[in-house]
Amino acid sequence: MSLTDLMSMAKPNSEMRERTLAKIGKREFADCFQCAKCTSGCTAFKLLELKPHEVMRLVNLGFTGELISSEISWTCVTCLKCMERCPQQASPYYVIMALRNLTIEQGGKVPEAYLNAVSQILETGFMQAVQKVTAKNMETLDRQKLGLPNIKNSAKTFKATFLKALEEREV
Amino acid sequence: MKVTVFWGCKILTSQYAYEMSVRRVLPELGVELVDLREMHCCGDVVKSVNAFAAKYMAARVLALAGETGIKELLVPCSRCHFTLSETQHLLRSDTNLREKVFALLKDEKLEYPSDVRIWHIIDLLYDAMGLSRIKEKVKKSLKGLKFSAHVGCQIIRPSIIGRVDNPENPRKLNELIRALGAESPDYPEKLDCCGSALTFSHQEAAFTLAGSKLKAIQEMGVDGLIDSCPSCHEMFDAKQEEASKIIGKKLSLPVLYYTQLLGLALGMKMEDLGLHLNQSPVEKLIEKSGVHS
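Going down the list, the sequences are from chains A and B. Just add 13 to wherever you are in the first sequence, counting from 1, and you've got the working numbering. Just add 112 to wherever you are in the second sequence, counting from 1, and you've got the working numbering.
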């Protein structure tokens, strides 16, 4: 649903404001004074209508639920330009990442590829399976045929601690 | 110079040409590469799911690097480079985070090192090796060729945590290309993103970004595009055909890793640099360069 439609029925939620604040820790997003420098240089603004300055304002007013429903956080390309250019060091990037984490915690809609990547990490340590590649002469090649050393897999204890880390919420 | 290498998922599981060319060219310039005893994801993709777990993974990588006793860590992937640098930066000042992360590391008898220096290919070559050493080693000058540089996003931003080059006007990759005898003109789309991260959620937008940049570069009439990140390279090289379809414009632009281009100038064989794995039309560029004639 579009964020504009969602906002027409919206009510601010101060508890969600606090939770989002807790997630981004000491980063001072409340200092945002809406200069919109982030939005004017945002890669996802042109294509997917992400307006980071609007996200900042809405989070600050407690409209986190509407932002989660709009699925807008998944349009960020993570180019980090907003983070670099913000005159207040407010970093919309971190706020957008916090919204993604909150979406997961609240059981909201998450692009499947992210969840698949995490499952893959739990299984193999890597976000994707080891692939065979096709050379220009149509020969199928793998690491061994290319003369690359074997992958040294992570220790068994890694999976257990990674799972433990995934249980951790507020940071 | 001795460095440990953290390769990351993309390079180890699919972008083999980057690994092959790095393993070839760096020893030639006097850099000894040491692999970590374990390899896993840096945490980048996990940030979207659970930011804390991502930081734990990055800290674990740094702990593995610290174990080797080598203080220099090379991270050729831009996304891994950002994830590790960011975590290192945060762990310096955030005591609460440090406590939680260190406790998890302790479960595995790992210790976090405070003094690992993180390098990318670009600053390792430009700042640690230096242009003059590279120029001395060039056997086959690439004079007469022109390349656009794609620096990528995550190695130059955010400058507050210490990055590889200037965030708004990066020059090092251009200088590295020029050191091989080729030209490297600037262009308006230089800072545009490859779109890779959007392949997780908005495929069409992702390929529109990659395709638009490729189209702009192709129209400049250069001989190719040079990059240094496995995610960007995958978009511009392996996915060039897909991007071409999305933007409705025929794309035929050779795309190479900088380490592949460097290897050519150092007189190395195409197969040793993984150039037979590039999906973009690199042959026309190699033919024109005359490096293998």
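Every residue, glycine too, gets a C-beta built ideally from N, C-alpha and C.
Minimum Cβ-Cβ distance from residue i to chain B less than 7 Å
i        : result
A/Met140 : yes
A/Pro124 : yes
A/Arg30  : no
A/Gln119 : no
A/Leu16  : no
A/Arg113 : yes
A/Glu97  : yes
A/Thr52  : no
A/Val72  : no
A/Ala178 : yes
A/Ala130 : yes
A/Met69  : no
A/Leu34  : no
A/Glu181 : yes
A/Val90  : yes
A/Thr174 : yes
A/Leu93  : yes
A/Leu63  : no
8 Å Cβ shell around residue i - same chain, five flanking residues per side excluded
i        : result
A/Leu34  : Phe42 and Ala43
B/Ile246 : Leu141, Leu237, Leu288, Ala291, Leu292 and Leu374
B/Asp298 : Asn286
A/Gln141 : Ala130 and Gln133
B/Ser260 : Ser296, Pro297, Tyr299, Lys302, Ile329, Met332, Val334, Gly336, Leu337 and Ile338
A/Arg156 : Val143, Pro162, Asn163 and Ile164
A/Met96  : Ser104, Pro105, Tyr106 and Tyr107
B/His388 : Met382
Cα-Cα separation between residue i and residue j, rounded to whole angstroms
i        : j        : result
B/Leu376 : A/Leu19  : 55 Å
B/Thr180 : A/Phe139 : 22 Å
A/Val2   : B/Ala175 : Outside the displayed span of chain A (14 to 184) sits residue 2 of chain A, for which this structure offers no information.
B/Asn278 : B/Ile268 : 6 Å
B/Ile358 : B/Lys327 : 12 Å
B/Val157 : A/Gly160 : 28 Å
B/Arg172 : B/Cys121 : 15 Å
B/Pro139 : B/Val403 : 21 Å
B/Thr371 : B/Met132 : 9 Å
A/Val72  : A/Thr17  : 15 Å
A/Ala178 : B/Phe164 : 7 Å
A/Cys99  : B/Ser253 : 42 Å
A/Arg70  : A/Thr116 : 18 Å
B/Lys400 : B/Ser364 : 15 Å
B/Pro188 : B/Tyr224 : 21 Å
Residues near residue i by beta carbon distance below 7 Å, same chain, minus five either side
i        : result
B/Arg136 : Gly375, Met380, Asp384 and Leu385
B/Gln127 : Pro342, His345 and Glu346
A/Lys172 : Leu135
A/Leu63  : Cys55, Ala57, Ile85, Thr88 and Cys89
B/Glu316 : Ile358
A/Gly78  : Asn26 and Met29
A/Leu154 : Lys145, Val146 and Ala148
Cβ of residue i within 7 Å of any chain A Cβ
i        : result
B/Ser364 : no
B/Arg128 : Contrary to the premise, residue 128 of chain B reads as Tyr rather than Arg in this sequence. Cβ-Cβ to chain A under 7 Å: yes for B/Tyr128.
B/Thr180 : no
B/Val276 : no
B/Ala165 : yes
B/Asp219 : yes
B/Glu150 : yes
B/Ser313 : yes
B/His201 : no
B/Leu378 : no
B/Cys265 : yes
Bridge partners - residue i, DSSP secondary structure assignment
i        : result
B/Tyr369 : B/Asp339
B/Ala261 : B/Ile338
B/Arg204 : DSSP, once it has assigned bridges, lists no residue as partnering B/Arg204.
B/Asp147 : B/Val117
A/Leu154 : A/Val146
A/Trp87  : Paired residues: none, contrary to the question.
B/Glu211 : Answer by DSSP bridge pairing: none, since B/Glu211 is not bridged.
B/Leu185 : B/Thr116 and B/Ile230
A/Glu180 : None, per the DSSP bridge assignment.
A/Ile97  : Reading off the sequence, residue 97 of chain A comes out as Glu, not Ile. According to DSSP, A/Glu97 bridges with nothing at all.
B/Glu87  : Not covered by the structure: residue 87 of chain B. The range shown for chain B is 113 to 405.
Min CB distance residue i to chain C below 7 Å
i        : result
B/Ala175 : Among the protein chains in the structure shown, which are A and B, there is no chain C.
Cutoff 6 Å; reference residue i; Cβ partners in own chain excluding five residues on either side
i        : result
B/Cys306 : Ala322, Cys344 and Met347
A/His66  : Gln47, Ala49, Cys51 and Thr52
A/Arg113 : Ser86
B/Ala166 : Gly155, Val158 and Lys159
B/Leu397 : Asp335, Gly336 and Pro366
A/Gly75  : Pro25, Asn26, Ser27, Met29 and Arg30
A/Gln119 : none
Open item on the list: What are the residues in the segment 278-302 of chain B lying within 7 Å of chain A by C-beta distance?
Closed with: Pro279
Open item on the list: Taking beta-carbon pairs under 8 Å, can you tell me which members of the segment 231-245 of chain B lie near chain A?
Closed with: none
Task: Chain-ordered residues of the segment 136-168 of chain A with a beta carbon less than 8 Å from chain B - done: Gly138, Phe139, Met140, Gln141, Ala142, Val143, Gln144, Val146, Ala148, Lys149, Asn150, Leu154, Arg156, Leu159, Gly160, Leu161, Pro162, Ile164, Lys165, Asn166, Ser167 and Ala168
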